[in-house]
DNA sequence: AAAAAACCTTAAGGTAGATTAAGGAAATCT
DNA sequence: AGATTTCCTTAATCTACCTTAAGGTTTTTT
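Here it is in structure tokens:
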């Protein structure tokens, strides 16, 4: 018997997130609670750097992160932005325990909830619901990536920018255009030109 | 007690594939066998078309498939080739039961093994090993996609072509250059130029 | 509050890759 | 075996996007 449903907890946003898929009972919650660690992350602080193995599933409670790769020329390429109620993790590195090629960096002061691998495996074995939940998380990330790849092939920079504005209207107010340009795969100068063309049209 | 380990079966390549990750015992195999259907697929035949929900996990025993999207202008964009001992499935459509945006088409006469959703869920529940196996399948597909996206941002067409040749040396002998060009995100004419530049260098 | 850093814009000139068109070689179908 | 479709290549022209450079603005740090 636990009191978790009566006591507001740091992990409430995470429970709510899981319950978008499947309701959790008191047992599930009591299993989850001691395995989740809250961390405050400063602006420009990294939660993953190239060469490190990604040790955690990171759930963003509030704040905003960018996930990017640095190419041989030193240029950053944003592959994803992560805001409230989503996961900032290098799924490949985490599961295969390979050194990551990616950086995950806070763009704002942020709060995250971390689950490490041992605890995640424990949850899989003792609460099959989490198993399903994390499968769905990966599936969704997979679909997001696939759409992004398809778009990068078949759409122009302007089309991709308009699609971005439509899909993430709030984000475009929240982060600098340099970062959006990197996400779109174009230079900040060219994005500036696209924005000018949009206004003057 | 089953004799499955003595009798060669149509699903042997699939069992071998799973055992690259985790050994299966006789019980596991006896669960799998009746849930797998073999199909012969003709060249140019589709196993998935845009608008249909992807109903199966398709394991390629032999032959070769392309997974592609057709854009608004009617142009095909190959997102993946699938050959022996790999899966040709729209994972997003299968799990979410959404109409797919993709086509999966045989490029050669092929043989596949199909598992439908009901049977897959049955296996998940009754043999947790398969659960883990299919998670790993998705993870690997995810990593493949992520690398492809990163490359499409930071590498030139020539670099991407060379990387393709290195990663899939056999495939480049097996499929037409038009298809490789579509995979690389360039026109066949430009690929032809790249190939000429390679030789004359 | 001042200094430093990051960000945004404009514009000129350059390049990777698209488009169009057309002829020849392979593969596939009948 | 012949007919048809697909595939490959070359070359000229065109365009989306990059590069470099520079000045002004906003945000962040001290």
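Chains as they are written, first to last, in the numbering used here: chain A, 258 to 458; chain B, 258 to 458. Cβ coordinates follow ideal geometry from the N, Cα and C atoms, glycine included.
Checklist entry - With 16 as the cutoff for other CB atoms within 10 Å, does residue 285 of chain A come out buried or exposed? => result buried
ask   = Which class does residue 301 of chain B belong to by DSSP, given the choice of helix, strand or coil?
value = coil
**OP:** Just list the alpha helix (DSSP H) runs in the stretch 373–401 of chain A, keeping only unbroken ones of 4 residues or longer that don't cross its boundaries, in chain order.
**Re:** Counting only runs of at least 4 residues, the stretch 373–401 of chain A fully encloses the following alpha helix (DSSP H) elements, listed from N- to C-terminal order: 374–383.
Original post:
Between the C-alpha atoms of residue 426 of chain A and residue 307 of chain B, what's the straight-line distance to the nearest angstrom?
Top reply: Going by the C-alpha atoms only, they are around 29 Å apart.
Checklist entry - Taking the runs of the beta strand (DSSP E) that are 3 residues or longer, which of them lie wholly in the stretch 313–361 of chain B? => result 313–319, 321–327, 333–340
* Look at the Cβ atom of residue 312 of chain A, then the Cβ atom of residue 402 of chain B, and state whether they are nearer than 8 Å. => no
- Query: By how many angstroms is the C-alpha of residue 406 of chain B removed from the C-alpha of residue 302 of chain A?
  - Reply: 25 Å
Using the Cα positions of residue 356 of chain A and residue 264 of chain B, report the straight-line distance between them to the nearest angstrom. Distance between the alpha carbons of residue 356 of chain A and residue 264 of chain B: 42 Å.
Could you check how far apart the C-beta atoms of residue 304 of chain A and residue 345 of chain A are, in whole angstroms? I think they sit under 8 Å.
7 Å
- So the alpha helix (DSSP H) residue 454 of chain A belongs to, where does it begin and stop? Judged by DSSP secondary structure, residue 454 of chain A falls within the alpha helix (DSSP H) whose first and last residues are 445–456.
Exercise for review: Could you tell me which residues DSSP puts in a beta bridge with residue 294 of chain A?
Suggested key: The partner list for residue 294 of chain A (beta bridge, DSSP) reads A:371.
Which chain B residues are close to residue 357 of chain A, counting only those with a beta carbon under 7 Å from its beta carbon?
-> Simply none; closest approach about 11 Å.
**OP:** Going by CA-CA distance only, name the one from B:449, B:322, B:366, B:391 that's closest to residue 418 of chain B.
**Re:** B:449
* Asked: Where residue 412 of chain B and residue 398 of chain A are concerned, what is the direct C-alpha to C-alpha distance, given to the nearest angstrom?
  -> 23 Å
What would DSSP say about residue 420 of chain A, mapped onto helix, strand or coil? DSSP places residue 420 of chain A in the helix class (H, G or I) of the three-state scheme.
Taking Cβ positions, are residue 367 of chain A and residue 321 of chain A nearer each other than 8 Å? yes
What span of residues does the alpha helix (DSSP H) with residue 287 of chain B cover, start to end? Going by DSSP, residue 287 of chain B is part of the alpha helix (DSSP H) stretching over 283–289.
Would you say the stretch 439–447 of chain A touches the stretch 325–344 of chain A, given that touching needs at least three Cβ pairs under 8 Å? yes
From the DSSP output, in three-state form, read off residue 363 of chain A for me.
strand
Please list the partners that residue 294 of chain B has in chain A, where partner means a Cβ-to-Cβ separation under 8 Å. The contacting residues do not exist; residue 294 of chain B stays about 24 Å from chain A at best.
Since residue 370 of chain A contacts residue 295 of chain A with CB under 8 Å, what's their CB separation in whole angstroms? 6 Å
Margin query: Less than 8 Å between C-beta atoms, sequence neighbours within five positions excluded: which residues of the same chain meet that for residue 274 of chain A?
Written below: 316, 342
Query raised in the report: Beta-carbon of residue 452 of chain A versus every beta-carbon of chain B: anything under 8 Å?
Result: False, the Cβ-Cβ gap to chain B never drops below 8 Å.
Name the chain A residues whose beta carbon is nearer than 8 Å to that of residue 274 of chain B? Within chain A, no residue comes near residue 274 of chain B; the closest Cβ sits about 18 Å away, beyond 8 Å.
What number of angstroms, rounded off, separates the C-alpha of residue 232 of chain B from the C-alpha of residue 325 of chain B?
Because chain B here runs from 258 to 458, residue 232 of chain B falls outside it and cannot be looked at.
Could you give the residue range of the alpha helix (DSSP H) that holds residue 438 of chain B? 434–441
- Message: Could you tell me the alpha carbon to alpha carbon distance between residue 435 of chain A and residue 430 of chain B, rounded to whole angstroms?
- Response: 42 Å
Check: Can you find a C-beta in chain A that's less than 8 Å from the C-beta of residue 377 of chain B?
Finding: no
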